[in-house]
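Asker: Below are the structure tokens for one structure; questions will follow.
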Amino acid sequence: MKTLHHDVKTFPLLTSRIKNQHNLLILSCVIFLLWSACKENEDPVPPAATTPTLIGFSPTSGAIGTAVTLTGTNFSTTLLANTVKFNGTAATVSAATTTSLTVAVPAGATTGKISVEVDNQAATSSNDFTVVAAVAPLTLTGFSPTTGTAGTIITLTGTNFSPTLANNTVKFNGTVATISAATATSLTVEVPAGATTGKITVQVGNQTATSADDFVYVVNAEKNTVVTVAGNGTLGFADGNIADARFYQPSGVAVDAAGNIYVADSENHRIRKINPGGIVSTLAGSGIAGSAEGVGTAAQFNSPRAVAVDATGNVFVADGLNHKIRKITPAGEVSTLAGSGAYGFADGDGINAKFYFPKGIALDASGNLYVADDINHRIRKITPTGAVSTFAGSTSGSDDGVGINAKFHNPRGVTLDAAGNIYVADAANHRIRMITPTGTVSTIAGSIAGIKDDVGTAARFNTPVGIAVDASGNIFVADDENERIRKITTNGMVSTLAGGFLQGFTDGVGGDAQFRSPTGLAIDASGNIYVADRHNHSIRKIQ
1 MKTLHHDVKT
11 FPLLTSRIKN
21 QHNLLILSCV
31 IFLLWSACKE
41 NEDPVPPAAT
51 TPTLIGFSPT
61 SGAIGTAVTL
71 TGTNFSTTLL
81 ANTVKFNGTA
91 ATVSAATTTS
101 LTVAVPAGAT
111 TGKISVEVDN
121 QAATSSNDFT
131 VVAAVAPLTL
141 TGFSPTTGTA
151 GTIITLTGTN
161 FSPTLANNTV
171 KFNGTVATIS
181 AATATSLTVE
191 VPAGATTGKI
201 TVQVGNQTAT
211 SADDFVYVVN
221 AEKNTVVTVA
231 GNGTLGFADG
241 NIADARFYQP
251 SGVAVDAAGN
261 IYVADSENHR
271 IRKINPGGIV
281 STLAGSGIAG
291 SAEGVGTAAQ
301 FNSPRAVAVD
311 ATGNVFVADG
321 LNHKIRKITP
331 AGEVSTLAGS
341 GAYGFADGDG
351 INAKFYFPKG
361 IALDASGNLY
371 VADDINHRIR
381 KITPTGAVST
391 FAGSTSGSDD
401 GVGINAKFHN
411 PRGVTLDAAG
421 NIYVADAANH
431 RIRMITPTGT
441 VSTIAGSIAG
451 IKDDVGTAAR
461 FNTPVGIAVD
471 ASGNIFVADD
481 ENERIRKITT
491 NGMVSTLAGG
501 FLQGFTDGVG
511 GDAQFRSPTG
521 LAIDASGNIY
531 VADRHNHSIR
541 KIQ
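Right, dumping it as structure tokens:
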């Protein structure tokens, strides 16, 4: 009771203290509110800076001045608020978003990390940026000759070309040209079909140089016009007028004194005839691969590859996959002159001899036949009575020499001149060879695969397959992989008569014309050249 009494007595005092404290609390609140109101007119406290990230950059290498794009987060959109350094060297920022910065590699930069600083917060790349030396400027200082037609060989001079052919792109007024040789200061190119008068440009990497002067394109510099005699580029089989006739990979062609054209229509397994009136007919062959003897279409061939015709109208056939030499009389009767029908190598009489895919055939003035025996790498001779011997060649190779001491590599075309010299398109050796009547073999043009007009062995061919010689001793070559008809003069100068590097089916003058695997050649009494344009399935004529 005493304690309770004490508490009762002190209650007024406690109440008074509580009231005072309450008043003090109210006063404190008033002061806080007044202070807060005053603070509303002051600047807010900035939030803590957000750390940028640097995710990547492109390109990853370049010379001084190269534009580089950085990607990341929390960059500033204010250019000067971003500090970018290349391995410690400050760069200039030319564009900025929150996720991208564009900068130029600064002078003095070295290979190393890229860093970005925004509001004292920094990020560093995980990979190095590689600083490369500046590329020397590309120049095109001149070219020679300054005029020409399609197929003309032009030499460009300048600086910082690439010695690697494929790294250079040359255009004649926008038309891409073929490059055959390259050094740092010189390019050898061929004027492309379809070029026009205008500037020449050279591109190496990202650099382009343009000639100061125009190259003058001369459309009619060549007088050799290519026309299509028969076939339209579509494979098939049809006799009739030349507009409607169809062939299937014609490979060999021959012309007689009356102007009749004979065609080894390879994949149709037929021998076709085009008369001077423009009518195409089948001389022999059923169209079905086989080796049957018989008259006209009762006979069978298997991929005939070459034909030759004598003065009395007999046609001789290199019957490729039958490994035989066949004869067709003017009446159309087909027989086997030589070859057993089994591939192999054997000299002997008639069917006791063996060939291995004969692809070329030619006649001399005495009626002897010379055969390019492709896979046997030999030139064979067949007398009018059918006796077969090896005239030159042995195993594959490229040796010059006499008779069997010489070597060929897949000879595919053969022809003779008036003096009895034999010329061979030595396909896999990319050479033109000559065999004298006594059997001495020499190389008259070509060396390694390529395309180059020049003298003798300085010139280059790419798989020559067809060959013919005119009355003046000029040699003409079907340069298969180069899609051209080449000419070799009596002094050994090789030039391009018609066609260009790009395959196609276009009639035209000289280099403006296009072929697609020209294979067989023949020359008529007027000097016109006939071409078996194998993959255009047509017979072409160079007038």
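Under the working numbering, the residue at position 537 of the sequence shown is numbered 537, and the numbers go up by one with no gaps. A virtual CB, placed ideally from N, CA and C, is assigned to each residue, including glycine. Remember, predicted model here, so these are calculated numbers, not experimental data.
Rounded to a whole number of angstroms, what is the C-alpha to C-alpha distance between THR178 and TYR217?
Answerer: So the alpha carbons of these two residues sit roughly 16 Å apart.
Asker: Looking at the structure shown, is ASP374 part of a helix, part of a strand, or coil, going by DSSP?
Answerer: ASP374: helix per DSSP, three-state reduction.
Asker: Per DSSP, which one or two residues make a beta bridge with PRO304?
Answerer: Paired residues: ASP319.
Asker: What does a CB cutoff of less than 6 Å around THR111 pick up in its chain, not counting 5 residues either side in sequence?
Answerer: Correct list, in chain order: ASP128, THR130 and VAL131.
Asker: Go ahead and label SER442 buried or exposed: buried means 16 or more other beta carbons lie within 10 angstroms of its beta carbon, across all protein chains shown.
Answerer: Result: exposed.
Asker: By DSSP, does GLU333 sit in helix, in strand, or in coil?
Answerer: If DSSP states are grouped into helix, strand and coil, GLU333 belongs with the strands.
Asker: Between ASN528 and the rest of its own chain, which residues show a CB-CB distance below 8 Å, the 5 nearest in sequence each way excluded?
Answerer: Correct list, in chain order: LYS541, ILE542 and GLN543.
Asker: Taking all protein chains shown into account, do 16 or more other C-beta atoms lie within 10 angstroms of the C-beta of ALA445, making it buried, or fewer, making it exposed?
Answerer: Under this definition ALA445 is a buried residue.
Asker: Name, in chain order, the residues that DSSP records as bridge partners for SER366.
Answerer: Looking at the DSSP assignment, SER366 forms no beta bridge with any residue, so it has no partner.
Asker: Hey, how far is the Cα of PHE57 from the Cα of ALA90?
Answerer: Roughly 16 Å between the two C-alpha positions.
Asker: Drop a sphere of 10 angstroms on the beta-carbon of LEU497, count the other beta-carbons inside from all chains shown, and report buried for 16 or more, exposed for fewer.
Answerer: LEU497 should be labelled buried.
Asker: Taking ASP213 as the reference, give the member of THR92, ASP417, THR197 and LEU416 with the closest Cα.
Answerer: The shortest Cα separation from ASP213 among THR92, ASP417, THR197 and LEU416 belongs to THR197.
Asker: On a Cα-Cα basis, can you pick out the residue from ASN241, GLU293 and ILE422 that is closest to PRO276?
Answerer: Residue ASN241 is the option with its Cα nearest to PRO276.
Asker: How far does the beta strand (DSSP E) with GLN203 in it reach, from first residue to last?
Answerer: Here the beta strand (DSSP E) through GLN203 covers 200-204.
Asker: To which residues of the same chain is ALA37 closer than 7 Å at the C-beta, ignoring the five residues directly before and after it?
Answerer: Residue placement at ALA37 is poorly supported in this model, since its pLDDT is 48, which falls under 50; the coordinates are not used for a value here.
Asker: Per the contact definition of three or more C-beta pairs closer than 8 Å, is the segment 355-363 in contact with the segment 389-406?
Answerer: Cβ pair count under 8 Å is below three, so no.
Asker: Would you check if the distance between the CB atom of SER394 and the CB atom of LYS407 is smaller than 8 Å?
Answerer: Yes.
Asker: Give the DSSP-derived three-state secondary structure of ILE31 in the structure shown.
Answerer: Bear in mind that the predicted position of ILE31 carries a pLDDT of just 48, short of 50, making it too unreliable to give a figure here.
Asker: Tell me the start and end of each unbroken beta strand (DSSP E) in the segment 456-542 that is at least 3 residues and wholly inside, in chain order.
Answerer: List check, beta strand (DSSP E) in window: 464-469, 475-479, 484-488, 494-499, 518-523, 529-533 and 538-542.
Asker: Name the one or two DSSP bridge partners that GLN207 has.
Answerer: Note: GLN207 sits in a beta bridge opposite VAL204.
Asker: Just curious, the beta strand (DSSP E) that GLN121 is in, first and last residue?
Answerer: Counting along the chain, the beta strand (DSSP E) containing GLN121 begins and ends at 121-124.
Asker: Taking ALA181 as the reference, which of ALA513, VAL307, ASN168 and GLY296 has the closest Cα?
Answerer: The option with the nearest alpha carbon to ALA181 is ASN168.
Asker: GLN207: buried (16+ other C-beta within 10 angstroms of its C-beta) or exposed?
Answerer: By the 10 Å Cβ count, GLN207 comes out exposed.
Asker: Take ALA67 and list the residues in its own chain whose beta-carbon comes closer than 7 Å to its own, dropping the five residues that flank it on each side.
Answerer: Within the same chain, ALA67 has close Cβ partners THR102 and ALA104.
Asker: Please give me, in chain order, every unbroken run of the beta strand (DSSP E) with length at least 3 that falls completely inside the segment 70-145.
Answerer: Segments of the beta strand (DSSP E) lying fully in the segment 70-145: 82-86, 89-91, 93-96, 100-104, 114-118, 121-124 and 139-144.
Asker: Just checking, does the segment 294-301 make contact with the segment 345-361 on the three C-beta pairs under 8 Å criterion?
Answerer: Taking 8 Å as the limit for Cβ pairs, the verdict is that the segment 345-361 does not touch the segment 294-301.
Asker: Considering Cα atoms alone, identify which of GLY332, PRO59, THR436 and ALA392 is closest to ALA372.
Answerer: Comparing Cα positions, the closest option is ALA392.
Asker: Taking THR92 as the reference, which of LEU80, THR98 and SER100 has the closest Cα?
Answerer: The option with the nearest alpha carbon to THR92 is LEU80.
Asker: Between which two residues does the beta strand (DSSP E) holding ASN168 run?
Answerer: Per DSSP, ASN168 belongs to the beta strand (DSSP E) from 168-172.
Asker: Buried or exposed for ILE288, going by 16 or more other Cβ atoms inside 10 Å?
Answerer: With fewer than 16 Cβ atoms within 10 Å of its Cβ, ILE288 is classed as exposed.
Asker: Starting from the Cα of ALA95, find the closest Cα among VAL509, LEU70 and ILE422 and give me that residue.
Answerer: Nearest of VAL509, LEU70 and ILE422 to ALA95, Cα basis: LEU70.
Asker: What's the gap between the Cα of ALA522 and the Cα of ILE422?
Answerer: So the alpha carbons of these two residues sit roughly 15 Å apart.
Asker: Can you grab the Cα-Cα spacing for the pair ILE200 / LEU187, in whole Å?
Answerer: ILE200 and LEU187: Cα-Cα distance of roughly 12 Å.
Asker: For SER517, which option in ALA525, PHE501 and ASP239 has the closest C-alpha, if you only look at C-alpha atoms?
Answerer: The candidate whose alpha carbon is nearest that of SER517 is PHE501.
Asker: From what residue to what residue does the beta strand (DSSP E) around LYS324 run?
Answerer: Counting along the chain, the beta strand (DSSP E) containing LYS324 begins and ends at 324-328.
Asker: Starting from TYR356 and walking both ways along the beta strand (DSSP E), at which residues does that stretch end?
Answerer: Segment: none, TYR356 is in no beta strand (DSSP E) and carries neither H nor E.
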